[in-house]
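As they're listed, the protein sequences go chains A and B.
Numbering-wise (this note's numbering), the first sequence opens with residue 15 and increments by one.
Numbering-wise (this note's numbering), the second sequence opens with residue 15 and increments by one.
Beta carbons: idealized from backbone N, C-alpha and C, even for Gly.
In this text the structure is predicted, and so the values were computed from the model without any measurement.
2 protein chains.
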Amino acid sequence: MPVPNRKSPESLTDRLDQVTTLLRKHRLVENLVHKQEGAHQDLVEQLVHKQNTVELQRKLDELHPADAAFILESLPLEERLAVWQLVRSDRDGEILLEVSDAVREALIADMDDHEIIAAATNLDADELADLAPDLPRDVVRELMDTLDAQQRERLKSALSFDGDQVGALMDFDMVTIRDDVTLEVVSRYLRRFETLPDHTDKLFVVDLEGVLKGVLSVKKLLVTSDDQLVADVMTTDPVIFDPHDDAGEAVQAFERYNLVSAPVVDHKGKLQGRLTIEQMLDYIREENETDALNAAGLVEEEDIFASVWKSVRNRWAWLAVNLCTALVASRVIGLFENSIEQLVALAALMPIVAGVGGNSGNQTITLIVRGVATGQVQLSHGERLLRKEAGVALINGLVWGAVLGVIAWLLYFNIALSVVLMSAMVLNMMLAAFMGVVIPLLRVRMGGDPALGSSVLITAITDSGGFFIFLGLATVFLL
Amino acid sequence: MPVPNRKSPESLTDRLDQVTTLLRKHRLVENLVHKQEGAHQDLVEQLVHKQNTVELQRKLDELHPADAAFILESLPLEERLAVWQLVRSDRDGEILLEVSDAVREALIADMDDHEIIAAATNLDADELADLAPDLPRDVVRELMDTLDAQQRERLKSALSFDGDQVGALMDFDMVTIRDDVTLEVVSRYLRRFETLPDHTDKLFVVDLEGVLKGVLSVKKLLVTSDDQLVADVMTTDPVIFDPHDDAGEAVQAFERYNLVSAPVVDHKGKLQGRLTIEQMLDYIREENETDALNAAGLVEEEDIFASVWKSVRNRWAWLAVNLCTALVASRVIGLFENSIEQLVALAALMPIVAGVGGNSGNQTITLIVRGVATGQVQLSHGERLLRKEAGVALINGLVWGAVLGVIAWLLYFNIALSVVLMSAMVLNMMLAAFMGVVIPLLRVRMGGDPALGSSVLITAITDSGGFFIFLGLATVFLL
């Protein structure tokens with residue numbers, strides 16, 4: 015009895031180990047051979063080298079493209095390129111599609127134009143569109159010439175959309191049928207295919223002009239008797255998309271209606287392509303990457319083994335922003351240097367006011383930004399949300415301010431200082447709550463993305479604001 | 015010609031508006047009716063009220079459960095409960111499954127035991143398992159009694175796994191077939207179903223004991239001729255999962271191999287259930303929620319219209335952690351109060367060293383944590399990563415330290431101070447890089463989750479470390 019294989023990630027790590035071991039052997043012997051170059055070369059060593067190479071190649075050939083991509087991503091640059099050289103050239107294209115952007119760049123940089131074109135010839139128009147932005151310009155032009163008219167049209171169309179639009183994500187692997195035939199005819203038609211496109215959970219019903227009239231789900235096809243007409247069993251109001259639709263909204267529709275695939279239709283009703291759950295998953299993954307990277311102050315995904323220089327470039331933009339906001343906060347403190355000289359405890363306590371305010375403001379702005387993204391927060395909710403967040407900030411400010419006030423009193427035996435600290439905590443948290451609601455809603459009203467840099471912005475406000483409030487109150491009431 | 019409907023999110027907002035308008039009318043008249051209670055009641059008003067209610071109910075009945083859930087989530091508590099009362103009780107169950115955890119809690123709190131049990135009777139064992147944690151204990155016990163033996167077993171089994179295991183996510187809607195029949199027999203068998211389960215992209219081939227022998231993809235079934243045997247065309251090495259597998263790894267496998275559904279099999283090879291892309295999408299969404307919330311210092315998803323008290327409770331844990339780390343940093347500054355008294359510029363400059371170090375450390379730790387999560391960073395890479403991150407930190411520290419040194423000189427005309435500032439920047443960023451690599455790798459070695467609170471931890475270190483390094487250097491060299 016055949017026992018089903020496990021293809022879970024554990025065994026993937028095993029396979030990574032196997033490849034690494036083989037690679038080390040391969041390179042070890044290669045080095046030996048190289049060292050003896052020109053001199054007498056030991057035939058046995060050459061043979062061992064060859065044998066290792068063959069075994070490694072065989073291992074790589076067996077791997078699913080996604081697994082090969084994973085292994086390439088997990089290897090330091092030098093070893094990565096060594097493995098890449100051993101990959102069969104007709105598999106280059108499908109593996110390039112699977113690796114992360116950062117790694118793809120490195121692999122393409124290692125290929126000459128000829129190799130790139132060879133790799134790309136096995137790909138469909140929508141796959142080429144994914145690769146094109148990373149390819150040298152003249153290679154793309156050359157590739158265009160090798161395509162037939164339909165494929166070239168599709169590639170051009172896909173490239174004309176930006177990455178956040180449905181048109182850039184759709185593929186063209188669709189099965190279309192007419193509505194005036196019986197299901198038996200459909201079944202016979204399908205049997206003429208060698209294989210159906212991945213994620214074919216529905217067939218698209220079109221008329222002679224290519225206008226979508228409905229969809230016939232494969233499930234329906236399987237349970238319905240053969241003699242029925244397509245027109246009688248198809249769904250006439252499927253979820254459809256326009257190529258200009260926002261990809262994020264398409265993702266929400268896929269989640270909401272549990273879709274596997276959906277037709278993309280232009281404004282005249284003509285079928286243009288289809289979206290599949292696969293592209294939606296990729297999009298979700300990339301969006302999450304971007305959010306997580308931006309939140310941490312990184313511009314783009316970074317190959318974990320990227321060179322130091324590349325990494326410096328990826329990180330400098332947000333560091334520069336951070337430096338500016340830190341400088342502003344520093345100048346706010348500078349305003350009060352006299353006060354600090356007179357009461358040095360202020361210097362020790364001021365980062366607490368700023369830090370806790372920042373945390374509290376981040377809590378508020380995160381909730382609002384997420385609510386806006388899912389559509390649950392509307393501009394009209396502003397006042398209600400402000401009241402609620404102000405209430406939360408007031409309670410948290412009073413509680414934690416009192417705790418801190420007691421601790422400060424134990425340290426400095428200065429009741430007035432404790433009261434100023436507590437008041438500053440309350441006020442800074444109220445400021446954080448106010449800004450945490452107002453900033454994202456203002457950005458929505460002005461048509462911007464409320465998420466971008468929201469954490470940096472609120473932290474800058476609570477830092478400078480916290481220093482100003484605390485040192486200002488202290489200057490007025492303590493000195 | 016039937017024109018396909020758009021079910022995209024724009025029209026969802028429209029529908030939200032319609033429901034809100036109807037609801038306002040409904041409540042307005044309801045209030046009028048209530049005010050006149052006991053007195054003479056205007057029959058016309060009563061009629062208008064009734065008419066509004068009927069229209070609102072009709073609107074709600076037409077909505078997809080996911081859309082009804084969205085509308086409930088987008089309404090403030092009072093209006094939400096009013097709408098909830100109008101939902102047909104046989105739809106309660108499917109809508110409860112779709113709403114977010116926080117909103118579900120509020121809706122269930124508004125139902126009596128009788129209503130909950132009525133809502134739950136329409137659900138499958140795996141759906142019940144999703145709801146069970148939010149239901150009162152005795153309701154769950156009562157529900158158990160209403161189930162047949164198989165459903166009860168399944169519910170118990172699903173509840174025995176924790177939410178991060180495949181066993182808690184799988185469902186039981188599978189079509190199983192034998193391998194000794196022809197595809198024609200399979201087709202005839204399928205036609206006896208009224209409908210197939212969602213996401214049926216493959217049929218599971220089992221023997222008499224329920225041991226999985228392979229899978230037959232629907233695509234294959236459609237293109238292969240009728241007279242072939244299942245055994246000859248099925249795939250014998252599908253991707254399979256164990257109920258104890260980690261859900262996160264299952265998600266990676268679904269993404270890697272473009273799965274729509276996959277069998278779950280116990281250690282004896284017996285088919286237990288199946289995973290579908292729908293559950294994987296939900297899991298991804300929830301994981302992302304959790305990550306985003308934790309990063310912002312929130313414990314759990316918060317209903318945007320939750321009460322102030324509920325929100326305070328959700329937020330206090332991370333505020334408390336933040337307060338402790340801020341206190342430590344404050345005490346570090348306290349050590350150097352003498353130095354600050356002598357050179358008050360230190361107080362203004364120290365937050366810059368801490369802040370930029372924190373940003374830089376967050377960049378490093380984010381990359382390492384993500385690399386660990388995807389499996390691309392292994393313990394053995396530690397040294398190489400340390401070297402790289404130290405290099406990046408050195409360059410960034412020198413560049414930005416020099417910029418800041420110049421600015422500080424322009425402000426304070428003190429070259430020694432500028433040099434100390436620059437040195438402190440470099441050292442704190444090196445500390446951040448070191449800790450950013452070492453902390454997640456140490457946590458992996460000790461078997462923990464490297465992501466949890468990583469940002470808080472690294473910020474705490476770069477704050478206290480930055481103050482200590484800067485003020486320490488200043489005390490030694492400037493005073």
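Could you name the residues of the same chain whose beta carbon sits closer than 8 Å to that of residue i, not counting the 5 residues immediately before and after it, in chain order?
| i | result |
| --- | --- |
| L110/A | R118, L121, I122, A133, L145 |
| D176/A | A182 |
| D115/B | D148, E314, E315 |
| N336/A | G311, V470 |
| V458/A | V386, L393, P464 |
Which one of the options has the shortest CA to CA distance from residue i?
| i | options | result |
| --- | --- | --- |
| G372/A | A82/B, L333/B, S374/B | L333/B |
| L179/A | R202/A, N136/A, K284/A, A261/A | Here residue 179/A turns out to be Gln, not Leu, going by the sequence shown. It is A261/A. |
| K73/A | D212/A, E108/A, D31/A, L95/A | D31/A |
| A309/A | L70/A, L37/A, E69/A, L466/A | L466/A |
| E292/A | Q266/B, E316/B, L312/B, H281/B | Q266/B |
| I254/A | L161/A, A264/A, I347/A, T489/A | A264/A |
| R327/B | Q99/B, V335/B, V313/B, R192/B | V313/B |
| V229/A | P277/A, H213/A, F207/A | P277/A |
| Q99/A | F84/A, E76/A, D81/A, T67/A | T67/A |
| D215/B | F207/B, V195/B, E198/B, L236/B | L236/B |
| A511/A | L400/B, L341/B, Q390/B, I366/B | Only positions 15 to 493 of chain A appear in this structure, which leaves residue 511/A out of reach. |
| D185/B | M158/B, I191/B, H213/B, V199/B | H213/B |
| P454/B | L285/B, Q377/B, S344/B | Q377/B |
| L360/A | A430/A, I379/A, V199/A, T388/A | A430/A |
Looking at the unbroken beta strand (DSSP E) that takes in residue i, where does it start and where does it end?
| i | result |
| --- | --- |
| R206/A | Neither: R206/A is in no beta strand (DSSP E) and is coded neither H nor E. |
| T380/A | Where T380/A is concerned, there is no enclosing beta strand (DSSP E), although the alpha helix (DSSP H) it sits in stretches over 359 to 388. |
| A276/B | 275 to 279 |
| T290/A | 285 to 290 |
| K324/A | Note, K324/A: premise wrong, no beta strand (DSSP E); alpha helix (DSSP H) at 322 to 349. |
| K216/B | 216 to 220 |
Could you round the C-beta distance between residue i and residue j to whole angstroms and report it? I think they count as a contact, below 8 Å.
| i | j | result |
| --- | --- | --- |
| V440/A | L408/A | 7 Å |
| N410/A | S468/A | Not a contact, Cβ separation roughly 20 Å. |
| A404/A | A368/A | 20 Å between Cβ atoms; not a contact. |
| D193/A | K227/A | 6 Å |
| R105/A | A139/A | Contact doesn't hold; Cβ gap of about 20 Å is too wide. |
| F1/B | V346/B | Because chain B in this structure spans residues 15 to 493, residue 1/B falls outside the shown range and cannot be described. |
| L37/B | V97/B | 6 Å |
What residues in its chain sit with their C-beta under 7 Å from that of residue i, if we drop five residues either side in the sequence?
| i | result |
| --- | --- |
| N141/A | Position check: residue 141/A holds Glu in this sequence, whereas Asn was assumed. Contacts found: L111. |
| T489/B | F350, S353 |
Identify, in the order they occur along the chain, each residue of the same chain with its Cβ nearer than 6 Å to the Cβ of residue i, setting aside the five sequence neighbours on each side.
| i | result |
| --- | --- |
| V153/B | D127, I130 |
| I483/A | A438, L441, N442 |
| T473/B | G372 |
| R401/B | none |
| L91/A | F319 |
| Q50/A | With a pLDDT of 48 at Q50/A, under the threshold of 50, the predicted position of this residue should be treated as unreliable, though the coordinate-derived value follows. Taken in chain order, the list of residues that qualify is empty. |
| T34/B | none |
Can you give me the start and stop residues for the alpha helix (DSSP H) that residue i sits inside?
| i | result |
| --- | --- |
| K6/B | Residue 6/B is absent from the structure shown; chain B starts at 15 and stops at 493. |
| K170/A | 163 to 174 |
| F484/A | 468 to 491 |
| G405/A | 396 to 426 |
| E129/B | 127 to 134 |
| T160/B | 151 to 160 |
| S114/B | Element bounds for S114/B: n/a, residue is neither H nor E. |
| L310/B | Checking the sequence shown, residue 310/B turns out to be Ala, not Leu. Unbroken run through A310/B: none, as it is neither H nor E. |
| V451/B | 429 to 459 |
| P252/B | Element bounds for P252/B: n/a, residue is neither H nor E. |
| A465/A | Where A465/A is concerned, there is no enclosing alpha helix (DSSP H), given that its DSSP letter is neither H nor E. |
| R192/A | No alpha helix (DSSP H) holds R192/A; DSSP gives it neither H nor E. |
| A261/A | 261 to 270 |
| V247/A | 244 to 247 |
Residue ranges of each alpha helix (DSSP H) within the stretch 57 to 108 of chain A, 4 or longer
57 to 76, 79 to 87, 91 to 100
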